[in-house]
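Under the numbering used here, think of the first position of the sequence shown as 884, with each following residue one higher.
Ideal Cβ positions, reconstructed from N, Cα and C, are used throughout, including at glycine.
Below: the structure, in structure tokens.
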Amino acid sequence: MAGYDVVVLGAGHAGCEAALACARMGLNTAAITLNLDSIAMMACNPAIGGTSKGQLVREIDALGGEMGLAADDEFIQMRMLNTGKGPAVYSPRAQMDKRRYHERMKRALEAERKLTLIQGECAAIETEHGRISAIRLSGGVKSEGERIECRAVIVATGVYLKSRILIGDRVWEQGPSGLARAEGLS
């Protein structure tokens, strides 16, 4: 298999933006995700915008990112926050259709010419002479232990590394929304 300039580990909000940015800069990019059906999944809060996250979304948009465009396409309700505090702190927040937002972001990644999506789990990041040389997969659609050569790795794994669900005094090992958790890099 030919190597990649960049491998992005994770395909949540940060991983999607990192992979798209690299590919749009002309870098041969791979995005590795535990499950292709969880790309840009909103496990909890389906909001984009607000007083803190809104600033980040505007910065991503200014740099050519996808989140703001996808939010514009897939919101079900838009509200202006802090209207009682004066225009300096007004902040738009959009509630997303979680399924449609995920589908929209997945299509954006699939359409990007220099970007390859790979379902699997990174078990290790390998180095040679002090430089990143490859990642090694465990499980997933790709074969166990497959080595993928790369020059750089962006770790954007979110909450999946040895994640646990806690409800009251009950605890179980799992990722968000019933998905698998990552074991390899943890």
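Compute the distance between the beta-carbons of residue i and residue j, then report whether it is under 7 Å.
i, j, result
"Leu998", "Ala902", "yes"
"Glu949", "Ala991", "yes"
"Ala923", "Cys899", "yes"
"Asp888", "Arg1014", "no"
"Ile1050", "Ala913", "no"
"Gly932", "Arg987", "no"
"Gly951", "Asp944", "yes"
Three-state secondary structure (DSSP) at residue i?
i, result
"Pro929", "coil"
"Leu939", "helix"
"Asp1052", "coil"
"Leu952", "helix"
"Met963", "strand"
"Lys989", "helix"
"Ala894", "coil"
"Arg907", "helix"
"Val1070", "Here the chain covers residues 884 to 1069 and nothing more, so residue 1070 does not appear."
"Ser1060", "helix"
"Ala923", "coil"
"Glu828", "Given that the chain is displayed from residue 884 to residue 1069, the structure contains no residue 828 and the question cannot be resolved."
Classify residue i as buried or exposed, calling it buried when 16 or more other Cβ atoms lie within 10 Å of its own Cβ.
i, result
"Ile1043", "First, the residue type needs correcting, since residue 1043 is Tyr and not Ile in the sequence shown. Buried, since its Cβ has 16 or more Cβ neighbours within 10 Å."
"Ser921", "buried"
"Ala954", "buried"
"Gly896", "The amino acid at residue 896 is misidentified as Gly; the sequence shows His. Counting Cβ neighbours within 10 Å, His896 comes out buried, since at least 16 surround it."
"Val972", "exposed"
In this structure, what does DSSP give as the bridge partners for residue i?
i, result
"Ser1016", "None; Ser1016 has no bridge partner."
"Thr979", "The displayed chain sequence assigns Met, not Thr, to residue 979. Looking at the DSSP assignment, Met979 forms a beta bridge with Phe958."
"Gly1032", "According to the sequence shown, residue 1032 is Glu rather than Gly. Paired residue(s): Ala1017."
"Gln1002", "Thr916"
"Arg1047", "Glu1056"
Near residue i, which residues of its chain fall below 8 Å by C-beta distance, leaving aside the five closest residues on each side in sequence?
i, result
"Gly1067", "Glu1004, Cys1005, Ala1006, Ala1007 and Ser1021"
"Met925", "Met979, Lys981, Tyr984 and His985"
Within a Cβ cutoff of 6 Å, which residues of the same chain sit near residue i, ignoring the five residues on either side of it in sequence?
i, result
"Met884", "Because the pLDDT at Met884 is just 46, under 50, the model does not fix this residue reliably, and the value given afterwards should be weighed accordingly. Excluding residues within five positions, none has a Cβ falling inside 6 Å."
"Val1038", "Leu892"
"Glu1032", "Gly886 and Ala1017"
"Ile1048", "Trp1055 and Gln1057"
"Ala906", "Thr912, Glu995, Lys997 and Leu998"
"Ile959", "Gln978 and Asp980"
"Ser1060", "Ala926"
"Glu1029", "Leu1020"
Please determine whether the Cβ atom of residue i lies at a distance below 6 Å from any heavy atom of the ligand ADP.
i, result
"Leu903", "For the structure depicted, the ligand ADP is absent and the ligand set is empty, with no information on it obtainable."
Whose C-beta lies closer than 7 Å to the C-beta of residue i among residues of the same chain, with five residues either side of it excluded?
i, result
"Arg962", "Arg976"
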